[in-house]
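Asker: Here it is, the structure, as structure tokens.
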Amino acid sequence: MTDKIHQLPTKPDAILAAGEELRRKLPALIENATMIAKLKRAHYDAYLKEGFTPEQAIELIKKL
Numbered sequence: 022m023t024d025k026i027h028q029l030p031t032k033p034d035a036i037l038a039a040g041e042e043l044r045r046k047l048p049a050l051i052e053n054a055t056m057i058a059k060l061k062r063a064h065y066d067a068y069l070k071e072g073f074t075p076e077q078a079i080e081l082i083k084k085l
């Protein structure tokens with residue numbers, strides 16, 4: 022397994038660059054979060070339609 026923890030930048034230029042990179046990526050990150058939420062909602066609704074209780078559907082969604 023690879024270590025996914027990244028070291029935070031400590032030099033001022035690196036901190037500014039990291040902030041700018043995040044600023045550029047933010048719209049895509051927000052769009053991705055929206056798509057994930059819609060997909061989870063679709064799963065939840067499908068579980069309910071198949072007869073699962075709301076509590077069961079939520080537990081199943083947590084495992085996605």
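Residue numbers (our numbering): 22 to 85. Ideal placement from N, C-alpha and C gives every residue a C-beta, glycine not left out. Please read all numbers here as calculations on a predicted model, not as lab measurements.
Using a 10 Å radius around the Cβ and a threshold of 16 neighbouring Cβ atoms, would you call A49 buried or exposed?
Answerer: Here residue 49 corresponds to residue number 28 of the sequence shown, with the count starting at 1. With fewer than 16 Cβ atoms within 10 Å of its Cβ, A49 is classed as exposed.
Asker: Keeping to the same chain, check which residues put their C-beta closer than 6 angstroms to that of Y65; ignore five residues upstream and five downstream.
Answerer: The count along the sequence shown starts at 1 and reaches residue 65 at position 44. Closer than 6 angstroms at Cβ, skipping near neighbours: A78, I82.
Asker: By how many angstroms is the C-alpha of A39 removed from the C-alpha of A67?
Answerer: In the sequence shown, counting from the first residue as 1, residue 67 sits at position 46. In the sequence shown, counting from the first residue as 1, residue 39 sits at position 18. Their backbone Cα atoms lie some 40 angstroms apart in a straight line.
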